[in-house]
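Student: Numbers in the working numbering are just positions in the sequence shown, counted from 1, shifted up by 1.
Below you will find the structure I want to go over with you.
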Amino acid sequence: MTFNYKDIRKDFPILDQKVNNRPWIYFDNAATSQRPLVVVEKIHEFSLQTNANIHRGTHFHAIKTTEAYENARDIVKEFLHAKEREEIIFTHGTTESINLVARSFCERFLSEGDEIIVTEMEHHANIVPWQMACERHHAKLKVLPFADNGNLETDLLESLISSRTKILAIAHVSNTLGTVNPIKEIIRIAHNHNIPVLVDGAQSVPHITIDVQDLDCDFFAFSGHKIYGPTGIGVLYGKRAWLDKMPPFLGGGEMIDKVTFEKTTFNELPHKFEAGTPHYVGAIGLGSAIEYIRKIGLENIAAYEHQLLTYASDKMKELGGMKFFGESPNKTGVICFQLDQIHPFDLGTLLDQLGIAVRTGRLCADPVMDHYEVTAMTRASFSFYNTMEEIDRFIDSLIRIQKMF
Ligand code: PLP
């Protein structure tokens, strides 16, 4: 398939609608992406034709559903270029994937006085689980700061690392600043000190080709709904060497080997970490979303989104009173900004009245708000189904709102 956004729009019929009597413009892609027809149809067809609980039955539909679910695991394994399919664990999303590691890894490896490093630009999902783990184990959370331009202060990392550092958790791409962090370099530094690294890939998987073996990350987390798949499904990749040593996260069916009232033994990977009936329909939908974007090509997607980003940033700069948050030269199609003194909630509401969906508020990143000493931001985030014409209309709308104030 060659990249032609006009063909691509046909894959996303949801975009072809009016909101407040205007053609709808969806610039909230960093919050969740829209699903292409193939994914919707796959889920629909599957639900109409095949359904039975997985891994437990010997009957026709149980076997077919299990095969489809395990096939989705193979698709994810290929997509992340993991070494083994057992290193792919289905979760409900990035948040659960991080919580799994924060709970299970820390139960085994974190002791009183130990330290965990996160960065100042993390989404709350990559702060709070670690903070909770630190409280449980009387450990300390350390924070790698970022500079005003949105780049991490990677030079300071060595000074934060100590003999007590047990894990480093970092976003591949910031959901507010859009910065693509130099994670390969950061992983290399951490590994020099034998410190494992969890990468929060929620904002990178839709835009960047991931090779977990090349990155050499120890854990990698992402969500289906940010990569054109369903909600309620996500992935945790973990190196077998770690996953084997970590205790289960949730207890219940599927994750066990043998249960007696005296003692329970646990299942092999990946089932050890997949307690209960998994969201197999979601996993199958995610597999289909990954196949869809692989056909288009992540390089094509990234190149086009970069054009959208450059076009929008240049036009926005021409407006007086525009302040950007996060101006790293290496960023994805995310623009956080403040226009004059217009409160983001007012701006978001007025844009919505003009048919344009953007994100406003604290963006699940309070420390980023604190860094810039603001209480809220407005975020426009682009996807490969957006167009230059939509950006033109966005700019016209900003000018119109600016004049109103
Ligand atoms: N990490 C980052 C960088 C995010 O942008 C998000 C969601 O916006 C999350 C984690 C949490 O993802 P989810 O809500 O799908 O679990």
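All C-beta atoms in this analysis are idealised placements derived from N, C-alpha and C, irrespective of residue type, glycine included.
Three-state secondary structure (DSSP) at ILE89?
Tutor: Strand, per DSSP.
Student: By the three-class DSSP mapping on this structure, what secondary structure does MET2 have?
Tutor: Below a pLDDT of 50, predicted positions are generally treated as unreliable, and MET2, at 43, falls in that range; no measurement from the model is reported.
Student: Can you look up ILE188 in the DSSP assignment and give me helix, strand or coil?
Tutor: helix
Student: Return the bridge partner residues of ALA170 from the DSSP annotation.
Tutor: LEU199
Student: Is ASP1 close to the ligand PLP? I mean its beta-carbon at under 8 Å from any heavy atom of the ligand.
Tutor: Since the first residue shown for the chain is 2 and the last is 406, residue 1 is missing from the structure and cannot be characterised.
Student: Quick one: what does DSSP say SER163 is sitting in, helix, strand or coil?
Tutor: Residue state, collapsed to three classes: coil.
Student: Quick one: what does DSSP say THR311 is sitting in, helix, strand or coil?
Tutor: Here THR311 sits in helix by DSSP.
Student: Identify every run of the beta strand (DSSP E) within the segment 278-332, keeping only runs that are complete inside it and at least 3 residues long; order them along the chain.
Tutor: Runs found: 323-326.
Student: Give the secondary structure of PHE61 by DSSP, where H, G and I count as helix, E and B as strand, and everything else as coil.
Tutor: PHE61 carries a helical assignment under DSSP once its states are collapsed to helix, strand and coil.
Student: When you measure from the CB of SER224 to every non-hydrogen atom of the ligand PLP, does any distance come out below 8 Å?
Tutor: Yes.
Student: Determine the burial state of SER289: buried for a count of at least 16 other Cβ atoms within 10 Å of its Cβ, exposed for fewer.
Tutor: buried
Student: Could you tell me the alpha carbon to alpha carbon distance between SER105 and PRO249, rounded to whole angstroms?
Tutor: 7 Å
Student: With C-beta atoms as the reference, is THR95 less than 9 Å away from GLY235?
Tutor: yes
Student: Since VAL200 and THR333 are thought to touch, with beta carbons under 8 Å apart, how far apart are those beta carbons, to the nearest angstrom?
Tutor: Contact doesn't hold; Cβ gap of about 15 Å is too wide.
Student: Any contact of the segment 360-380 with the segment 160-180, i.e. 3+ C-beta pairs under 8 Å?
Tutor: yes
Student: DSSP state of GLN407, grouped into three classes?
Tutor: This structure leaves residue 407 out entirely; the chain is present only between 2 and 406.
Student: So PHE28 and SER382 are supposed to be a Cβ contact under 8 Å. How far apart are they, rounded?
Tutor: 6 Å
Student: Could you check if ILE9 belongs to the surroundings of the ligand PLP, using beta carbon to heavy atom distance under 8 Å?
Tutor: no
Student: From GLY151 to MET122, what does the alpha carbon distance come to, in whole angstroms?
Tutor: 8 Å
Student: Tell me whether the beta-carbon of ILE118 lies closer than 9 Å to the beta-carbon of LEU81.
Tutor: no
Student: State the DSSP-derived secondary structure class of CYS365, mapped to helix, strand or coil.
Tutor: coil
Student: Output needed for ALA134: all residues of its chain with C-beta closer than 8 Å, excluding positions within five of it in sequence on either side, in chain order.
Tutor: ALA103, ARG104, CYS107, LEU111, ILE117, ALA140, listed in sequence order.
Student: Under DSSP, the alpha helix (DSSP H) around LYS246 begins and ends at which residues?
Tutor: 241-246
Student: With DSSP run on the structure shown, which of helix, strand or coil describes MET256?
Tutor: Looking at MET256 - three-state DSSP - the assignment turns out to be coil, as it is neither helix nor strand.
Student: Could you spell out where the alpha helix (DSSP H) holding LEU49 opens and where it closes?
Tutor: Run containing LEU49: 38-50, per the alpha helix (DSSP H) assignment.
Student: Roughly how many whole angstroms lie between the Cα atoms of MET2 and ASN127?
Tutor: With a pLDDT of 43 at MET2, under the threshold of 50, the modelled position of this residue cannot be trusted; read the value that follows with caution. Straight-line Cα distance between these residues: approximately 36 Å.
Student: Taking Cβ positions, are PHE91 and GLY283 nearer each other than 9 Å?
Tutor: yes
Student: Identify which residue in HIS307, VAL77, LEU352, MET370 has its Cα closest to the Cα of ILE396.
Tutor: Distance from the Cα of ILE396 is smallest, within the candidate group HIS307, VAL77, LEU352, MET370, for LEU352.
Student: What is the DSSP secondary structure of LEU145, reduced to helix, strand or coil?
Tutor: strand
Student: Looking at ALA172 and the ligand PLP, is the gap between the Cβ and the nearest heavy atom below 8 Å?
Tutor: yes
Student: Taking 8 Å as the cut-off, is the beta-carbon of HIS372 closer than that to any non-hydrogen atom of the ligand PLP?
Tutor: It does not: the Cβ of HIS372 is nowhere closer than 8 Å to a heavy atom of the ligand PLP.
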